[in-house]
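With the numbering used here, the residue at position 72 of the sequence shown is 72, and numbering never jumps. Accompanying notes for the structure given below.
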Amino acid sequence: MRFDHRHLLGIDPLRPDEITTILDLAEHYVTFNRSRQKHANALAGLTQINMFFENSTRTQASFELAGKRLGADVMNMAMQASSIKKGETLIDTAMTLNAMHPDLLVVRHPHSGAVDLLAQKVNCAVLNAGDGRHEHPTQALLDALTIRRAKGRLHRLNIAICGDIAHSRVARSNILLLHKMENRIRLVGPPTLMPAGIEAFGTEVYHDMEEGLKDVDVVMMLRLQKERMDGGFIPSEREYYHRYGLDAAKLSHAKPDAIVMHPGPMNRGVEIDGTIADDINRSVIQDQVEMGVAVRMAAMDLLARNLRANPKDIMA
Ligand code: ASP
């Protein structure tokens with residue numbers, strides 16, 4: 001098993017074999033999490049601090065549970081009530097926490113690149129739990145594990161990523177990962193929600209759902225990231241749902257056994273119809289949540305092995 005990283009900041013720096021290493025170890029944790037006895041020692045003695053500067057339900061709970069199941073001492077910083085509100089800079093907050101000797105720092109931040117910057121300043125392993133519209137690596141890894149389990153492989157699949165691509169770190173990390181694993185990726189959405197320089201992504205681009213979903217194996221829907229929009233990107237939510245919301249009619253263009261994914265939180269009736277989201281024959285949305293805990297356990301386990309193998313590095 002090789003995973004030569006001190007931090008997990010994004011999918012970009014990972015090799016395909018390292019992605020497979022994380023997913024294989026996560027498989028082990030899926031079984032473990034389904035057993036009655038859910039306590040292991042991979043992180044015993046280590047301190048994990050979760051710093052979420054942006055709201056989160058799934059990701060924060062998932063990281064907390066993952067750390068606790070592996071025996072870490074886990075602390076959640078209430079960033080809304082922190083000194084950030086009094087004007088402290090991100091780096092000062094990080095240095096303050098660093099002086100308390102955490103081993104794993106899980107960070108979510110509204111600014112792209114903030115987590116990378118922080119990782120340069122602290123002595124511990126840093127995991128990116130989502131930075132602006134940049135990356136959300138554990139989301140892409142849990143999506144990959146969900147796809148691999150549902151489809152029996154993670155290569156040569158036709159995958160449509162649909163909706164607000166421009167503002168989505170989930171889309172970015174998924175494009176990077178699915179590309180590295182040699183899948184064919186289509187981006188489907190209105191021109192206003194496609195990122196600038198889309199050609200460089202090496203993907204096919206569609207502005208029509210019926211064409212974009214034709215014969216795909218995987219339909220990945222994205223939330224409209226209203227908090228990252230400064231202006232009118234869509235005429236109205238009703239109009240958006242009509243053209244880009246996933247309903248049974250649009251899904252019928254995908255392969256009959258195509259799976260439906262969504263990272264959550266979902267806007268039912270905006271990007272996805274509630275009955276599709278709840279259809280246990282098509283939707284793997286709950287599996288994604290389950291895989292999230294396992295993938296985060298695997299990622300923290302691998303980083304902790306590296307911390308333990310290079311104690312000097314920790315002190316550096
Ligand atoms: N939960 C995911 C994220 O933090 C997706 C979303 O918010 O739409 O990026």
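Quick reminder that beta carbons are idealized off the backbone N, C-alpha and C, glycines included.
**Item:** Nonlocal neighbours in the same chain, by C-beta distance under 6 Å from Asp273, ignoring five residues either side
**Value:** Asp247
Considering only residues of the same chain and omitting the five flanking positions on each side of Arg148, which have a CB-CB separation below 8 Å? Leu23, Leu154
Report buried or exposed for Pro190, applying the criterion of at least 16 other Cβ atoms within 10 angstroms of its Cβ. buried
Practice problem: Give the secondary structure of His109 by DSSP, where H, G and I count as helix, E and B as strand, and everything else as coil. | Solution: strand
For this session: Within 10 angstroms of the Cβ of Asn128, are there 16 or more other Cβ atoms? Answer buried if so, exposed if not.
Result: buried
Roughly how far, in whole angstroms, is the beta-carbon of Glu54 from the beta-carbon of Pro16, given that I think they are within contact range, below 8 Å? In fact, because the Cβ distance is near 30 Å, the residues do not count as touching under 8 Å.
| request: Compute the distance between the beta-carbons of Ser173 and Ile11, then report whether it is under 7 Å. | output: yes
(Q) With three or more beta-carbon pairs closer than 8 Å as the criterion, would you say the stretch 160-169 touches the stretch 133-143? (A) yes
Best match in Leu251, Leu222, Arg238, Thr192 for proximity to Glu210 [C-alpha to C-alpha] = Leu251
| query | Within the structure, which residues are defined as neighbours of the ligand ASP by a Cβ-heavy atom distance below 7 Å, reported in chain order? | reply | Ser56, Arg58, Thr59, Gly130, His136, Gln139, Ser168, Arg169, Val170, Leu222, Arg223, Gln225, Pro263, Gly264, Pro265
Identity of the residue in Ile165, Thr138, Thr203, Gly163 nearest Gln60 by Cα:
Thr138
Could you tell me the alpha carbon to alpha carbon distance between Arg108 and Ala258, rounded to whole angstroms? 31 Å
- Assign Ala196 to buried or exposed, taking buried as 16 or more other Cβ atoms, counted over all protein chains shown, within 10 Å of its Cβ. exposed
* To do: Specify the secondary structure class of Ile11 as computed by DSSP and reduced to three states.
  => coil
Look at the alpha carbon of Glu204 and the alpha carbon of Lys214, and state the distance between them as a whole number of angstroms.
13 Å
* To do: Kindly list the residues whose CB is nearer than 8 Å to the CB of Thr57, restricted to its own chain and excluding five residues on each side of it in sequence; keep chain order.
  => Gly264, Pro265
Check: Quick one, which of Arg296, Ala200, Leu157 has its alpha-carbon nearest Glu182's?
Finding: Leu157
Do you know offhand how far Ile165's Cα is from Arg243's?
-> 15 Å
Query raised in the report: Does the beta-carbon distance from Asp291 to His262 come in below 7 Å?
Result: According to the sequence provided, residue 291 is Met. The question's Asp does not apply to it. Not closer than 7 Å, so no.
> For Leu224, which option in Cys162, Lys151, Leu8 has the closest C-alpha, if you only look at C-alpha atoms?
Replying inline: Cys162
If you count every other CB in all the chains shown that lies within 10 Å of the CB of Ala316, and 16 or more means buried, which is it?
Only weak support is given to the placement of Ala316: the predicted model assigns it a pLDDT of 38, under 50, and the value that follows is read from those uncertain coordinates. Exposed.
### Query
If we count the other Cβ atoms within 10 Å of its Cβ and call it buried at 16 or more, is Pro13 buried or exposed?
exposed
Ile358, buried or exposed, once every other Cβ within 10 Å from all chains shown has been counted against 16: Residue 358 cannot be examined here, being either before or after the span of the chain that is shown, 1 to 316.
Under a three-way DSSP split, which group does Ser283 fall into? strand
Does the beta-carbon distance from Arg186 to Ala160 come in below 7 Å?
yes
Classify Asp273 as helix, strand or coil using the three-state DSSP reduction. coil
So the alpha helix (DSSP H) Glu211 belongs to, where does it begin and stop?
209-213
Exercise. When burial is assigned at 16 or more other CB atoms within 10 Å of the CB, is Ser62 buried or exposed?
Worked result: buried
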